[in-house]
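Here is the structure we will look at, set down as structure tokens.
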Ligand SMILES: N[C@@H]1[C@@H](O)[C@H](O)[C@@H](COP(=O)(O)O)O[C@@H]1O
């Protein structure tokens, strides 16, 4: 694992955006694995700037998002589909049918998981962007005694619902379940970019990168991957 520390967030965001642009320059039809949460917002902002300057095109790219809340339709303001439209997809030339997120409102969620894995196996991810949950989750793979390989339904931890409640009117509105790519699918990506920002993540990022590999810290499984680059700001990286 390689770790790069940045003094300011803007430089980090630019560096990450550049990696995506480089990936698409080398392989215009690359498959990008995307993430939600506040961490990637600045990166998406830089990617949009690059697109507007003509430095990158997404017309032949495909994207897969990590996860979606169960019960929220793509039109719901707090759905990850809505988030991605607002933060990235509405501003770039990615064909809408090339952008994939797990669907959280279909009647047969199990079939949706199987279908998502099928699509992923057809278009393996070239570069996967990841944020880090305060409890060490990646995507919505919560700490547990065992982790799932493929896409699956997960019961969200109370702490995760509380952490994400800031995007909702109140805690009761935060869904209790999500559909997420599994750790196995994440580890199949050719390269992984883990981005961690802020002082409150300093402890968990240290555990993930330097602690024992354990399903109780799902991000620690990233230590087993051959090509992970970790971008941290000074605050998140202060214990490394
Ligand atoms: N499912 C998402 C994760 O993919 C994300 O990495 C995490 C951290 O979010 P933030 O970047 O807002 O700290 O939150 C959510 O739970």
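Numbering (the numbering used here), first residue to last: 1325 to 1564.
Positions of the beta carbon are idealized from the N, C-alpha and C atoms, including for glycine.
Since the structure is predicted, the reported quantities are computational estimates derived from the model, not experimental observations.
{"Query": "Mark residue 1545 as exposed unless 16 or more other C-beta atoms lie within 10 angstroms of its C-beta, in which case mark it buried.", "Result": "buried"}
{"Query": "Can you list, in chain order, every residue whose CB sits closer than 6 Å to a heavy atom of ligand 1?", "Result": "1359, 1360, 1361, 1362, 1363, 1390, 1391, 1455, 1456, 1457, 1463, 1464, 1484 and 1488"}
{"Query": "Just to confirm my understanding: we take residue 1591, look at its own chain, exclude 5 residues before and 5 after, and list those with CB closer than 7 Å. What are they?", "Result": "This structure cannot speak to residue 1591, because the chain is shown only from 1325 to 1564."}
{"Query": "Would you say residue 1526 and residue 1559 are within 8 Å of each other, going by their C-beta atoms?", "Result": "yes"}
{"Query": "Cβ atoms of residue 1333 and residue 1521: under 8 Å apart, would you say?", "Result": "yes"}
{"Query": "On the premise that residue 1491 lies in contact with residue 1402, defined as a C-beta separation below 8 Å, what is that separation, rounded to the nearest angstrom?", "Result": "5 Å"}
{"Query": "Identify, in the order they occur along the chain, each residue of the same chain with its Cβ nearer than 6 Å to the Cβ of residue 1514, setting aside the five sequence neighbours on each side.", "Result": "1450"}
{"Query": "Please go through the same chain and pick out, in chain order, the residues whose beta-carbon is closer than 6 Å to the beta-carbon of residue 1440, but skip the five residues on each side of it.", "Result": "1426 and 1475"}
{"Query": "Can you list, in chain order, the residues of its chain whose CB lies under 7 Å from that of residue 1552, leaving out five sequence neighbours each side?", "Result": "1325, 1516, 1518 and 1546"}
{"Query": "Could you pull the DSSP bridge partners for residue 1452 from this structure?", "Result": "1357 and 1516"}
{"Query": "Unbroken beta strand (DSSP E) runs of length 3 or more, entirely within the stretch 1458 to 1495: which are they?", "Result": "1476 to 1479"}
{"Query": "Enumerate in chain order the residues of its own chain whose CB-to-CB distance from residue 1443 is below 7 Å, with the five nearest sequence positions on each side excluded.", "Result": "1424"}
{"Query": "Consult DSSP for residue 1329 and reduce its assignment to one of helix, strand or coil.", "Result": "strand"}
{"Query": "With a 10 Å radius around its C-beta and 16 neighbouring C-beta atoms as the bar for buried, classify residue 1352 as buried or exposed.", "Result": "exposed"}
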